[in-house]
Amino acid sequence: MTMPLPQCRMPDSTPRALRFRLPPASVDAHIHIFGDATKYPPAAARLFEPPAVAGADYLKLSKTVGIERAVIVHSAVYGSDHKVSLDLMTTAPARYRGIAVLHEQITDKELQDLAERGFCGFRVNLVSGRGLSLDAARRMADRVRPLGWHVQVLMDVELMPDLNRIFAAFPIDIVVDHMGRPDPGRGWSGPGFQALLNFLRSGRGWTKISAPYRTSQEPPDYADMKPFAQMLASEAPDRIVWGSDWPHVMVEGPMPNDGDLLNQIGDWIADEKLRQKLFVDNPRLLYGFAD
Numbered sequence: 054m055t056m057p058l059p060q061c062r063m064p065d066s067t068p069r070a071l072r073f074r075l076p077p078a079s080v081d082a083h084i085h086i087f088g089d090a091t092k093y094p095p096a097a098a099r100l101f102e103p104p105a106v107a108g109a110d111y112l113k114l115s116k117t118v119g120i121e122r123a124v125i126v127h128s129a130v131y132g133s134d135h136k137v138s139l140d141l142m143t144t145a146p147a148r149y150r151g152i153a154v155l156h157e158q159i160t161d162k163e164l165q166d167l168a169e170r171g172f173c174g175f176r177v178n179l180v181s182g183r184g185l186s187l188d189a190a191r192r193m194a195d196r197v198r199p200l201g202w203h204v205q206v207l208m209d210v211e212l213m214p215d216l217n218r219i220f221a222a223f224p225i226d227i228v229v230d231h232m233g234r235p236d237p238g239r240g241w242s243g244p245g246f247q248a249l250l251n252f253l254r255s256g257r258g259w260t261k262i263s264a265p266y267r268t269s270q271e272p273p274d275y276a277d278m279k280p281f282a283q284m285l286a287s288e289a290p291d292r293i294v295w296g297s298d299w300p301h302v303m304v305e306g307p308m309p310n311d312g313d314l315l316n317q318i319g320d321w322i323a324d325e326k327l328r329q330k331l332f333v334d335n336p337r338l339l340y341g342f343a344d
């Protein structure tokens, strides 16, 4: 008998007020978009049932907190059918960029079409082990290099302390999701996190200060993630971006409040010049947003 898939909980729809003002043109570099299953049928091979949210729900959130631009990380719930992401992106092409989920059979024409419609990279999930393998991603990187794309990798850095050697073979930039999902038990001196810092310093890599709840052992306010975020901001200020990870799928423990997540970043990174880099300047460069 087929077991039912886990059902994702709804995100908190009432973000708490911000204690600081986001700079103009701030970017949320990591959101997922879902939609009505009759219009956007999910793939048969998926890990969860998405929450009943849509693009309009994210627009409401972004208006409330002052986010002006966003990067849609296409959800593997839909496989390589990008319609749900594209439908939101086409409503405001200057406001959105996309990260694709690819298969090796995709044609160069299809890649070009995604690029022309605002996609600027593809994602590899090494945590779930589904989708493109690292070897397949390396081959795909050769194909998307003329498009100016990067590859976004979900990984646990402490399981890949040799990431500098592995990623050296890629001809395009690497964006590491969620600070590399660091292990608070190892701390920022862990070999994997140190390797990530070295890779960022090389100018070939980026990371997202996002989703601290994915590996934190201290539920809100995820204080054990603060040293990692501050180390990244201190050692690689030009290679960091911020993402909400909305709508926080498959979260264990309390559902994060998006206002609290932003206030946390405001507390962790108090310098306004660093915030300008994190929210505006760095994502503008990485994702190709207009000035």
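Okay, so the sequence shown: first residue is 54 according to our numbering, each after it adds one.
Ideal Cβ positions, reconstructed from N, Cα and C, are used throughout, including at glycine.
Between Asp81 and Ser115, the C-beta gap is smaller than 8 Å, which places the two residues in contact. Inter-residue distance for Ala105 and Tyr131 is about 14 Å (C-alpha atoms, whole angstroms). When only Cα atoms are considered, Leu185 and Phe220 end up about 15 Å apart. In this structure Ile227 is not in contact with Val197, their Cβ atoms being roughly 13 Å apart against a cut-off of 8 Å. For Thr117, no beta strand (DSSP E) run applies; the uninterrupted alpha helix (DSSP H) run containing it begins and ends at 108-118, by DSSP.
Secondary structure within the segment 220-287: the beta strand (DSSP E) runs of 3 or more consecutive residues, fully enclosed, are 227-229, 258-263 (chain order).
Assignment of Asp81 by DSSP, reduced to helix, strand and coil, places it in the strand class. Annotation for Met208: Leu179 place their beta carbon closer than 6 Å to its own, counting only its chain and skipping 5 residues before and after. Between Pro237 and Asp277, the gap from beta carbon to beta carbon is short of 8 Å.
Here Lys261 is buried, its C-beta having at least 16 other C-beta atoms within 10 Å.
With contact defined as three or more Cβ pairs closer than 8 Å, the segment 289-297 and the segment 326-335 are in contact.
Excluding residues up to 5 positions away in sequence, Glu157 lie with their Cβ nearer than 8 Å to the Cβ of Ala189 in the same chain. In this structure Asn310 touches Arg69 by the C-beta definition: roughly 6 Å separates them, less than 8 Å. Counting along the chain, the unbroken alpha helix (DSSP H) around Asn316 starts and ends at 311-321. Beta-bridge partners of Tyr149 (DSSP): Ala123. Judged by their CB atoms, Val210 and Gly233 are nearer to each other than the 8 Å cut-off. Going by beta carbons, Val229 and Cys61 fall outside the 8 Å limit.
Sequence-distant partners of Ala153 (beyond 5 residues in either direction) whose C-beta falls short of 6 Å from its own C-beta, in its chain, are His127, Leu167, Phe172, Phe175. Counted as a single uninterrupted DSSP element, the stretch harbouring Gln158 is not any alpha helix (DSSP H), since DSSP gives it neither H nor E. Secondary structure note for Val177: its beta strand (DSSP E) is the uninterrupted segment 172-178. Less than 8 Å divides the Cβ of Arg191 from the Cβ of Phe223. Contact check for Gly108 against Ile86 passes: the beta carbons are separated by less than 8 Å. In the structure shown, the three-state DSSP call for Leu185 is coil. Our two residues, Tyr340 and Gly256, have alpha carbons roughly 16 Å apart in a direct line.
In this structure, the alpha-carbon of Thr67 lies about 26 Å from that of Gly151.
Within the same chain, and ignoring the five residues on either side of Pro146 in sequence, the residues whose Cβ sits closer than 7 Å to its Cβ are Gly171. Gln329: member of the alpha helix (DSSP H) spanning 325-329, first to last residue.
Note that the C-beta distance between Leu71 and Gly296 is not below 8 Å.
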